[in-house]
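So the structure is just underneath, and the comments pick up after that.
Protein chains: 2
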Amino acid sequence: MDRLINIAAPPLDTEEARARREADAPHSPVASFPGETLRLDAGLVLHDLQIAYQTYGEPNAARTNAILVCHALTGDQHVANVNPVTGKPGWWETLVGPGKPIDTERFYVICANVLGGCMGTTGPSSTNPQTGRPYGLDMPLVTIRDMVNAQAMLLDHLGIERLLCVAGGSMGGMQVLQWVASYPERVVSALPIATAARHSAQNIAFHEVGRQAVMADPDWHGGHYLQFGVTPHRGLAVARMAAHITYMSDQALHRKFGRRLQDRALPTFGFDADFQVESYLRHQGESFVQRFDPNSYLYVTRAMDYFDLAAEYDGVLANAFRGSKTRFCVVSFTSDWLFPTQDSRAIVHALNASGAPVSFAEIESDKGHDAFLLDEPELSDITRGFLDSAAKTAGLPVARDR
Amino acid sequence: MDRLINIAAPPLDTEEARARREADAPHSPVASFPGETLRLDAGLVLHDLQIAYQTYGEPNAARTNAILVCHALTGDQHVANVNPVTGKPGWWETLVGPGKPIDTERFYVICANVLGGCMGTTGPSSTNPQTGRPYGLDMPLVTIRDMVNAQAMLLDHLGIERLLCVAGGSMGGMQVLQWVASYPERVVSALPIATAARHSAQNIAFHEVGRQAVMADPDWHGGHYLQFGVTPHRGLAVARMAAHITYMSDQALHRKFGRRLQDRALPTFGFDADFQVESYLRHQGESFVQRFDPNSYLYVTRAMDYFDLAAEYDGVLANAFRGSKTRFCVVSFTSDWLFPTQDSRAIVHALNASGAPVSFAEIESDKGHDAFLLDEPELSDITRGFLDSAAKTAGLPVARDR
Chain R
123 MDRLINIAAP
133 PLDTEEARAR
143 READAPHSPV
153 ASFPGETLRL
163 DAGLVLHDLQ
173 IAYQTYGEPN
183 AARTNAILVC
193 HALTGDQHVA
203 NVNPVTGKPG
213 WWETLVGPGK
223 PIDTERFYVI
233 CANVLGGCMG
243 TTGPSSTNPQ
253 TGRPYGLDMP
263 LVTIRDMVNA
273 QAMLLDHLGI
283 ERLLCVAGGS
293 MGGMQVLQWV
303 ASYPERVVSA
313 LPIATAARHS
323 AQNIAFHEVG
333 RQAVMADPDW
343 HGGHYLQFGV
353 TPHRGLAVAR
363 MAAHITYMSD
373 QALHRKFGRR
383 LQDRALPTFG
393 FDADFQVESY
403 LRHQGESFVQ
413 RFDPNSYLYV
423 TRAMDYFDLA
433 AEYDGVLANA
443 FRGSKTRFCV
453 VSFTSDWLFP
463 TQDSRAIVHA
473 LNASGAPVSF
483 AEIESDKGHD
493 AFLLDEPELS
503 DITRGFLDSA
513 AKTAGLPVAR
523 DR
Chain A
123 MDRLINIAAP
133 PLDTEEARAR
143 READAPHSPV
153 ASFPGETLRL
163 DAGLVLHDLQ
173 IAYQTYGEPN
183 AARTNAILVC
193 HALTGDQHVA
203 NVNPVTGKPG
213 WWETLVGPGK
223 PIDTERFYVI
233 CANVLGGCMG
243 TTGPSSTNPQ
253 TGRPYGLDMP
263 LVTIRDMVNA
273 QAMLLDHLGI
283 ERLLCVAGGS
293 MGGMQVLQWV
303 ASYPERVVSA
313 LPIATAARHS
323 AQNIAFHEVG
333 RQAVMADPDW
343 HGGHYLQFGV
353 TPHRGLAVAR
363 MAAHITYMSD
373 QALHRKFGRR
383 LQDRALPTFG
393 FDADFQVESY
403 LRHQGESFVQ
413 RFDPNSYLYV
423 TRAMDYFDLA
433 AEYDGVLANA
443 FRGSKTRFCV
453 VSFTSDWLFP
463 TQDSRAIVHA
473 LNASGAPVSF
483 AEIESDKGHD
493 AFLLDEPELS
503 DITRGFLDSA
513 AKTAGLPVAR
523 DR
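Protein chains in written order, with the working numbering: chain R, 123 to 524; chain A, 123 to 524.
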């Protein structure tokens, strides 16, 4: 925010950024599955699957204390450790860590980079074993269900049969819902936050704008930019800027920036970042392209677009949860206009109809969709209470008084 | 909507489109002001101003029946005639025409292409008289007040001293407010629709994304693309797509498109326009670049960003209207999230504080910001009633029964 960044200016050093990302990705353990295949919803089969992940805490002797955290669109496996690419804290350190609501002193916490991602799990920037070159658009499209199936393979690899909880916000919440639908017997409790059982027309529209921004960049080269030694960083930055607006509320933008000018008293009557909100957005765009692969952005947004859990169950969402014994806690935020409370209510209504035990909280916040990533005391309290209760039901030792 | 358009595909024929636009622009009368200058808020002076405009109906003998219509960001002077560039009906034929609420059998209706525009009024694609080449970014930035000052010159040119009404939606509504502030004695009544007295942080943010999309297109060439025989059509299309989402409501997008697929039963598992909403947006982007100049898009969005009427009056909006005898009718739409009702209420509160006569209507509609351009019977009724009353006050003959 203290710098003016013009994404139309000379290219950013994204080659270096990618090299750093690739060098750093091995910081995470990577599970390989030689000889196994993953059958995708697209009808194709993925060979040589690799899943990069992080774990925190230790499994107990009965292996009943595992919690799977699912990350959102541009998240990664670095939930609660310094991110090796950005040098910033893990993306959910507000909730995950020793003594935190998702307490790594009690629970064995697992998070994997999603299928289609760019932090070590197989995605479009991975090497296609059939050609020896990066997949690019030859990588088959993946769905939220494919992501969950890959995570299930990882759990098998780690020797975790049942999850005490699967938790996540936004696209992470979609995975939570899919987990219960696909593997009801493996999930004791589920915490979907700021999410929806299907992506709305407006959200598909915003994703399409982002994809078109990437694909309109001549450096995209039909998805094969890695072979040309370039990256469509300008298009990706525009995509990130547009998306970032949707993560915040009008009120949050007003409170943070209003119409305040950047480092000056009067407008410049030009196209530099006159307003603080412009400078902030440019910075968001610029820093994002240093850490994210443009093709992964296409794949993962597409997976969200395709998500419509009811469609797998004759259009009746309740059928997705029929017979499940999983306990649910559904959370939304009042100012989230990307995944508004009505989306969470639809999930709750379906769970009610299926007879599943569910609690629901709409948290008062003016921080928009981003609230699930921020320090929201009510979210912390709800998460702690829900996990305490789930742990008690599962026969885990009670939490120490804090 | 019936075609798949991929803006990442080979360039559209925008050269031809521009030639057509330039050939057609003279369809409108153009007012020139030889020897006169327009002093801009940016502190610079504009020479050889040209204003392209349309008129409908005839002035009465006393010249008391003139109504100025102000167009929005991507509108133009073709309010109520077939647009020579698009071949489509005028943009406000729902409200303007013979027997319509803004009745061209009673009123003399004027609309000018805004300063900075690309339909014949001086803008960045106009020839810079000092160089003989298109201005590009050498055109000084313009403000809403500059646009209004240029319109005032046009009215002088047309021999219209006072306006029975000045009316417009969105950026048109900003001009309406500025008209009363700058020329209170020239405006009998004012009809600002779906607008605000200042542009919000969120709206500045969306505009900045659009500008960055244009400026990130290598074909933009620092604004001098005309000299290179190209146009940054890909960037402009992305800008339009992002903006278009903000013109509609979530409900309208859901009602129009939902998650329906485009001409097929199953998803393609690719990046073509699978969903109807994607195809629609691509079409919006593609058709826009055929009719609009990318630099004009930068200039006119910037004018909106800078609009903060209270700032000219010690931060007190009511002072902008103090002493004015203009009668106001302020209109908003329930589902407009770009210019929400609270923005209109702020205008009404200021008018109340200034003692100006004002009526206010929030119209129930699920069509979002676009509602002001669509067939909204309540808007028609309100407009007809308000103008009837203004005409009566001004001593015009009563309207015939219809």
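Every residue gets a Cβ at the ideal spot worked out from N, C-alpha and C, and that includes glycine.
Backbone CA spacing between residue i and residue j [nearest angstrom]
{"i": "R/Gln349", "j": "A/Ala153", "result": "55 Å"}
{"i": "A/Val204", "j": "A/Gln176", "result": "12 Å"}
{"i": "A/Met123", "j": "A/Lys378", "result": "Its pLDDT being 30, under 50, A/Met123 is placed unreliably by the model, and nothing is read from it."}
{"i": "A/Leu439", "j": "R/Phe508", "result": "49 Å"}
{"i": "R/His471", "j": "R/Gln464", "result": "10 Å"}
{"i": "A/Glu283", "j": "A/Thr196", "result": "28 Å"}
{"i": "R/Pro211", "j": "R/Val218", "result": "11 Å"}
{"i": "R/Gly351", "j": "R/Glu400", "result": "30 Å"}
{"i": "A/Ala528", "j": "A/Ala319", "result": "Summary: the structure shown does not reach residue 528 of chain A, with chain A confined to residues 123 through 524, and so no result is reported for it."}
{"i": "A/Gly291", "j": "A/Val264", "result": "19 Å"}
{"i": "A/Gln273", "j": "A/Ala468", "result": "26 Å"}
{"i": "A/Tyr178", "j": "A/Val191", "result": "11 Å"}
{"i": "R/Met269", "j": "A/Met426", "result": "43 Å"}
{"i": "A/Pro499", "j": "A/Leu160", "result": "40 Å"}
{"i": "A/Ala323", "j": "R/Met370", "result": "11 Å"}
{"i": "A/Trp342", "j": "R/Phe328", "result": "24 Å"}
{"i": "A/Pro416", "j": "A/Ala234", "result": "20 Å"}
{"i": "A/Ala147", "j": "A/Thr249", "result": "Its pLDDT being 49, under 50, A/Ala147 is placed unreliably in this model, and the value from its coordinates should be taken loosely. Computed Cα separation, rounded: 14 Å."}
{"i": "A/Gly254", "j": "A/Ser247", "result": "12 Å"}
{"i": "R/Val411", "j": "R/Val201", "result": "20 Å"}
Residue(s) in a DSSP beta bridge with residue i
{"i": "R/Val453", "result": "R/Ile315, R/Ala483"}
{"i": "R/Ser446", "result": "For R/Ser446, which the question treats as bridged, DSSP gives no partner whatsoever."}
{"i": "R/His169", "result": "R/Thr159"}
{"i": "R/Phe397", "result": "R/Leu383"}
{"i": "A/Thr177", "result": "A/Ile232"}
{"i": "R/Asn249", "result": "The sequence shown places Thr at residue 249 of chain R, not Asn. Note: R/Thr249 sits in a beta bridge opposite R/Pro256."}
{"i": "R/Ser154", "result": "R/Gln172"}
{"i": "A/Ala493", "result": "In DSSP, A/Ala493 forms no bridge with anything."}
Cutoff 7 Å: residue i Cβ touching any chain R Cβ
{"i": "A/Tyr419", "result": "no"}
{"i": "A/His405", "result": "no"}
{"i": "A/Tyr428", "result": "yes"}
{"i": "A/Asp372", "result": "yes"}
{"i": "A/Pro389", "result": "yes"}
{"i": "A/His491", "result": "no"}
{"i": "A/Val360", "result": "yes"}
{"i": "A/Phe410", "result": "no"}
{"i": "A/Leu168", "result": "no"}
{"i": "A/Phe397", "result": "yes"}
Option nearest residue i by Cα separation, candidates the options
{"i": "A/Ala335", "options": "R/Glu486, R/Thr448, R/Phe393", "result": "R/Phe393"}
{"i": "A/Ile232", "options": "A/Ile266, A/Tyr257, A/Arg185, A/Thr253", "result": "A/Arg185"}
{"i": "A/Ser457", "options": "A/Ala174, A/Lys447, A/Ile485", "result": "A/Ile485"}
{"i": "R/Ile315", "options": "R/Ala521, R/Leu460, R/Val520", "result": "R/Leu460"}
{"i": "A/Ala483", "options": "A/Ala188, A/Trp214, A/Phe494", "result": "A/Phe494"}
{"i": "A/Leu473", "options": "A/Asp163, A/Cys287, A/Pro462, A/Val452", "result": "A/Val452"}
{"i": "R/Gly517", "options": "R/Leu286, R/Gly221, R/Pro223, R/Gly332", "result": "R/Leu286"}
{"i": "R/Val422", "options": "R/Leu160, R/Gly332, R/Leu276, R/Asp225", "result": "R/Gly332"}
{"i": "A/Ala289", "options": "A/Ser476, A/Pro519, A/Ile504, A/Gln172", "result": "A/Ile504"}
{"i": "R/Ala442", "options": "R/Glu434, R/Thr448, R/Asp260", "result": "R/Glu434"}
{"i": "R/Gln172", "options": "R/His279, R/Ile266, R/Val207", "result": "R/His279"}
{"i": "A/Met261", "options": "A/Pro223, A/Asp497, A/Arg424", "result": "A/Arg424"}
{"i": "R/Val207", "options": "R/Ile189, R/Leu259, R/Arg413, R/Gly238", "result": "R/Arg413"}
Min CB distance residue i to chain A below 7 Å
{"i": "R/Ala468", "result": "no"}
{"i": "R/Ile176", "result": "Looking at the sequence provided, one finds Gln at residue 176 of chain R rather than Ile. Answer no: the Cβ-Cβ gap between R/Gln176 and chain A never drops below 7 Å."}
{"i": "R/Glu400", "result": "yes"}
{"i": "R/Leu263", "result": "yes"}
{"i": "R/Leu496", "result": "no"}
{"i": "R/Val453", "result": "no"}
{"i": "R/Val114", "result": "With chain R covering 123 to 524 only, the question about residue 114 of chain R has no answer from this structure."}
Cutoff 7 Å: residue i Cβ touching any chain D Cβ
{"i": "A/Ile326", "result": "The question asks about chain D, but that chain is absent: this structure's protein chains are R and A."}
Touching by the beta-carbon criterion (3+ pairs, under 8 Å), the stretch 237–249 of chain R and the stretch 284–299 of chain R:
Touching, no, given that fewer than three Cβ pairs across the two stretches are closer than 8 Å.
Please determine if the stretch 352–369 of chain A and the stretch 400–408 of chain A are in contact, where contact requires at least 3 C-beta pairs separated by less than 8 Å.
yes
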